[in-house]
Each structure stands twice: as structure tokens, then as C-alpha cells.
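These notes concern the structure reproduced below.
See the structure below:
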């Protein structure tokens with residue numbers, strides 16, 4: 206908080222309590238919203254999971270029903286009317302895409318293998334040949350399997366769909382393949398449908414076979430005779446699992462087989478866009494299906510949490526709460542500020558009164574100082590004027606009086622002189638005395654009012670003024686910079702500039718003991734700049750009292766609205782710069 210008033214108000218116990226209440230309200234609302242969202246997601250997950258479980262269970266029932274219907278049809282029409290069986294299987298595959306293939310098996314006595322092959326050739330399968338799986342490790346293994354010491358072959362004699370890619374399976378002995386032999390023997394033993402372990406299909410994905418032997422159970426127990434039938438379904442587990450994705454798109458779906466929980470189908474992961482931005486919990490439902498000879502387990506997992514719309518709602522609610530707190534804070538702060546303003550106004554009024562008294566006292570002292578200074582300057586000006594009058598009177602008395610007396614004496618002698626040579630001599634004396642009187646008068650007039658200032662301007666007048674100081678004879682190097690524009694200034698600025706330079710140079714010559722002197726007069730946009738700089742002994746401004754010369758310079762500058770800047774140190778010369786604004 207940059208403003209101390211805000212900080213003081215913020216640290217008040219009531220303000221802190223309101224802030225804690227605001228934060229507590231936000232936390233409470235967020236927790237309530239999260240609880241509502243989690244409850245809704247949990248309920249939706251349970252409903253969708255129930256629908257998915259029902260769908261998988263329905264698929265397993267359909268598998269069993271399709272197998273039972275196929276077995277009943279074969280049992281009724283026999284192995285000779287395969288076209289009727291194919292019509293049934295095609296309709297079932299079209300209705301249920303996860304059922305990939307129907308197969309029918311028949312038990313054959315190994316000694317009657319040739320007769321069986323001839324019968325299949327006559328039925329329209331000229332390439333039919335009874336084959337067995339031969340292990341690469343034991344190529345000379347068993348020629349046939351036995352069931353309770355009864356030699357038996359179980360070749361495939363019906364396949365739907367009957368595609369070129371599966372024609373090679375016709376006549377294959379299913380008892381020779383371990384994965385097919387185990388469920389087939391189990392079904393032969395108790396007459397129920399039995400599922401094999403899932404395996405990878407050549408067509409891609411995973412699947413399993415569901416086998417059921419027909420009429421193998423009699424009153425005396427299992428019966429294994431030649432010509433016994435068995436039916437088989439090849440089911441795509443990936444397709445079966447994919448049928449429930451739309452029911453629960455936010456969950457991952459896994460289908461496993463048996464107690465060992467072997468992978469029955471590729472796990473289906475949820476769409477990344479359906480995952481929450483902030484994950485809070487993982488919901489899990491597991492359902493086992495051990496009925497109908499198909500021991501599968503369905504596992505459903507779903508991440509629950511906050512999505513973008515929930516975060517936006519939380520941000521909006523937080524904004525409303527803090528907005529309300531901010532409005533309340535503003536109202537309370539306004540009242541607090543008004544109270545502070547009233548207190549501050551009273552305090553400020555007292556301070557202003559005290560400050561005003563201080564300023565009045567200070568101004569009074571300043572005016573008194575100015576008055577005393579003006580009196581001192583006036584007295585000093587009167588003394589200077591009297592000194593000038595005295596000097597002029599003395600010069601008039603000494604120079605003019607003596608010279609006039611000498612002229613008077615010479616003239617009186619001239620009256621009584623009879624020779625031409627005497628007259629000429631006294632006439633020359635009178636002329637010389639008159640010339641001396643003229644020079645004295647001219648020098649006096651020059652000091653009172655420089656003639657060159659009126660005749661040639663400020664620049665020439667200053668040059669003549671500086672020549673009169675005979676600086677060269679004092680081994681002082683002069684650097685003179687005078688702008689031609691100074692001659693175009695008004696008379697008040699011209700005479701003031703002349704007197705200022707004259708006084709400053711006079712001070713430098715008298716006191717500075719300099720070897721270099723710089724005089725500069727420049728006219729620019731700021732007005733007239735006058736600088737007089739020497740490299741003399743300087744003075745300490747804190748210990749040396751400003752004399753009449755510099756005081757008169759400051760008075761002249763202030764009278765024209767300018768200012769004087771004096772920079773000096775002991776043994777480092779004096780730098781006096783003056784700026785005077787010019788007015789037309």
C-alpha cells in the first residue's frame with residue numbers, strides 16, 4: 206500500500222475481520238462448488254458406468270444366444286444344409302459387429318479321414334483337406350488327439366464369412382491347437398459354452414473364441430462319438446469394448462480375462478479434451494462377468510475435477526465476493542477518510558496559523574534587513590557622491606584654479622611686455638595652460654559620462670574604458686569578447702552594462718593580482734550575459750564582507766530584473782556572471 210492512510214485503515218481490526226470473512230466466504234463457496242461438481246460427476250459416472258456394464262453384459266448374452274442359436278440350428282438341420290446356417294450367421298454378424306466369425310466343427314475318426322475329405326469334396330469344397338497344427342519343435346509329434354482314449358479329430362467344416370483369407374482354415378483340426386483344444390475339451394466335458402483366452406488376431410486387435418459342443422452329454426455322462434458337432438464364435442473384444450465408449454467418453458475402459466486378469470482388449474483412454482484441468486479424484490468401478498462361460502472383468506476409471514467452465518464460475522464468484530468486499534471497503538474507507546480529513550483540517554489550520562506567524566516574522570526580519578541594507582547603501586551612496594563632489598571640487602580648485610591663475614598672471618605680464626619675443630613666449634604659455642585645462646576638463650567629463658558611449662556605442666566605449674586601465678603595462682593578459690548586438694540595446698541597459706564592467710574590472714585591478722582577465726558580453730534569447738573572470742587570489746565568500754562596489758553592481762542588476770552569480774575560492778580567482786533580461 207503506497208498510501209499510508211490505506212495502510213492504517215487496512216490494519217484496523219474491523220478491516221482485517223472483514224478481509225478474513227471475505228477470504229473465508231471465497232473458500233467456503235469454492236468448497237461448496239467443488240462438492241457439488243464432484244457429486245454430480247460421481248453420479249454421472251455411476252449412471253454411465255452402469256449403462257456401460259449393461260452393454261457389455263448384453264454383448265456377452267448376445268454371444269451366448271448367438272452360439273446357442275447356431276448350435277440349435279445345426280442340430281436341427283444337420284451338417285448337410287449349410288446354406289441355411291450361413292443365412293443365419295450372416296444376419297447375426299450384420300446385427301452384431303463384434304461377432305466376427307462363425308465356425309462349425311465335426312468329430313472325425315482318424316481312420317476315416319479320407320472318407321470325410323471325400324464327402325466335403327462332394328459337398329462343393331474341392332480343396333478341402335484335413336490338417337493339423339505341427340509344432341516346429343516337434344514336427345513328428347502326435348498324428349491325432351484322444352478323448353478318454355478315443356482317437357478323435359475335430360476339423361472345421363463351416364466358416365462364415367467364407368473369405369479367401371480364411372479358406373485355408375477349412376479342415377483344420379481344432380484339437381491340435383492348444384488354445385482351441387482347452388475350451389473345446391471343457392465344453393465336450395460338460396456341454397456348456399466355454400471361452401478361450403483372448404489372443405491377437407491376424408486382422409488386428411484382440412479376440413477370443415466361444416466354443417460349445419452339441420449333444421455330448423447323455424444320461425451316462427459325456428459321450429464322444431464320430432460325427433459329433435461343435436460350434437464356435439470368434440468375437441472381437443476391441444469392437445465389443447468400443448461399443449460403450451460413447452456411453453462414458455470421459456473414462457478409461459479396460460477388459461480383462463479370468464482371475465489372472467489378462468488383457469482381453471486394448472485399453473481405451475479418454476479423449477484428452479475430456480480430462481479436467483484440475484484433477485481431484487479418480488473414480489473406479491470394476492464388474493466381473495463369470496456367467497455364460499465368459500470370465501471377463503470390466504474396469505472403468507475416470508478422473509474427476511474442475512473443467513474450464515468450473516474455473517470460470519469460481520473466478521466469477523470470487524470476483525463477485527471480492528467486488529462486494531471492495532465496495533464495502535470503499536464505503537468504509539470513505540467514512541474513515543472524511544474523519545481523517547476533519548482531523549487533518551483542524552491540525553493543518555493550526556499548522557498554517559503557526560506557519561503564517563513564522564513567515565510574517567521571517568518576512569519582517571527580511572524587510573528589516575533590506576531596509577537596513579538600503580539605508581547603508583543610501584548612506585554609502587551619499588558618502589560616495591560627497592566624495593565625488595569633493596574630488597571634483599578639489600580638481601576644479603587645484604587644476605582649474607591654478608591653471609586660471611597662471612593664465613591670469615601670464616596675461617598680466619603679457620600686457621606689460623614690450624618686446625615681440627616676450628609676447629610670443631607668454632602667449633605660448635597661455636596656450637599650453639589652456640590646453641592642460643581642456644584635458645583636465647575632458648578627463649573629468651569622461652569620468653562623469655563617457656563621451657564614446659554616446660558617439661560610438663557600448664562596444665567601443667568599453668574598449669576605451671579597458672585601455673584606460675593600462676592592463677598591458679601591468680602584465681595582465683586581456684581576453685575581450687563583446688557581441689556587436691550590445692550596441693543596439695536601450696540606453697538603460699547600455700549605461701548599466703558600462704558601469705558594471707567598469708566596476709568589476711576596477712575591483713579586479715585593485716585586489717585580484719591577476720595575470721589573466723576575461724571580459725565577455727553576449728546577447729542571446731535569455732537576455733544579456735556579462736562575465737568578468739580573473740585568475741587572481743580570489744576571496745572566501747563566508748569570511749569576506751561584500752563591498753560597496755559589488756553591492757552597487759547587485760543593486761543595478763536587480764533593478765533590471767536580473768541576477769548575479771559569484772563563484773570564488775581563495776587563490777582560485779573570481780568568476781562573476783550576470784544575466785539581465787532585455788525588454789523592448
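In this note's numbering, the protein residues as written are 206 to 789. For every residue, glycine included, the Cβ atom is placed at its ideal position computed from N, Cα and C.
- With distances taken between CA atoms, residue 775 lies nearest to 745 out of 357, 745, 233 and 512.
- Shown here, residue 500 sits in coil according to DSSP, grouped into three states, outside any helix or strand.
- Across the structure, residue 755 and residue 765 are spaced so that their CA atoms are roughly 16 Å apart.
- Pairing residue 523 with residue 231 gives a Cβ-Cβ distance under 7 Å.
- As the crow flies, the alpha-carbon of residue 396 is around 28 Å from that of residue 334.
- Here the alpha carbon of residue 277 sits roughly 54 Å from the alpha carbon of residue 240.
- A direct Cα-to-Cα measurement between residue 693 and residue 770 gives close to 25 Å.
- DSSP places residue 361 inside the beta strand (DSSP E), whose first and last residues are 361–365.
- 271 is the residue among 717, 271 and 357 whose C-alpha sits nearest the C-alpha of residue 417.
- By the C-beta density criterion, residue 660 is exposed, having fewer than 16 other C-beta atoms within 10 angstroms.
- As the crow flies, the alpha-carbon of residue 375 is around 14 Å from that of residue 381.
- Residue 568 and residue 638 have their C-alpha atoms spaced approximately 60 Å apart.
- The DSSP-derived three-state label of residue 236 is helix.
- Contact holds between the region 359–370 and the region 285–305, because three or more Cβ pairs, one in each stretch, are under 8 Å apart.
- Fully enclosed beta strand (DSSP E) runs of no fewer than 3 residues occupy 721–729 and 732–739 of the region 700–765, in order along the chain.
- Beta-bridge partners assigned by DSSP to residue 608: none are found.
- Burial check for residue 393: the Cβ neighbour count within 10 Å reaches 16 or more, so the residue is buried.
- The C-beta separation of residue 473 from residue 505 comes to about 10 Å, leaving the pair out of contact by the 8 Å criterion.
- Judged by beta-carbon spacing, residue 737 lies within the 7 Å limit of residue 781, meaning their Cβ atoms are closer than that value.
- As the crow flies, the alpha-carbon of residue 612 is around 10 Å from that of residue 618.
- Its chain contains 458 and 473 as the residues whose beta carbon lies nearer than 8 Å to that of residue 450, once the 5 sequence neighbours on both sides are disregarded; these appear in chain order.
- Following the DSSP letters along the chain, one finds residue 459 inside the beta strand (DSSP E) bounded by residues 456–462.
- Taken in chain order, the whole alpha helix (DSSP H) runs of length 4 or more contained in the region 245–321 are 287–300.
- For the options 702, 696, 729 and 679, the alpha carbon positioned closest to that of residue 722 is the one of 679.
- If you look at residue 494, you'll find it in the beta strand (DSSP E) that goes 483–494.
- For residue 484, the closest of 466, 501, 508 and 492 by C-alpha to C-alpha distance is 508.
- Going by beta carbons, residue 412 and residue 441 fall inside the 7 Å limit.
- Looking at the DSSP output, residue 213 shares a beta bridge with no other residue.
- Under DSSP, residue 768 forms a beta bridge with 784.
- The alpha-carbon of residue 481 is positioned some 28 Å away from that of residue 493.
- Excluding residues up to 5 positions away in sequence, 732 and 766 lie with their Cβ nearer than 6 Å to the Cβ of residue 786 in the same chain.
- Nearest in C-alpha terms to residue 368, of all of 356, 295 and 564, is 295.
- Annotated as distal: residue 331 and residue 356, with beta-carbon spacing of 7 Å or more.
- In this structure, the straight-line span from the alpha carbon of residue 488 to that of residue 539 is close to 51 Å.
- In terms of Cα proximity to residue 306, the closest of 727, 406 and 696 is 406.
- Around the beta-carbon of residue 573, fewer than 16 other beta-carbon atoms lie within 10 Å, marking it exposed.
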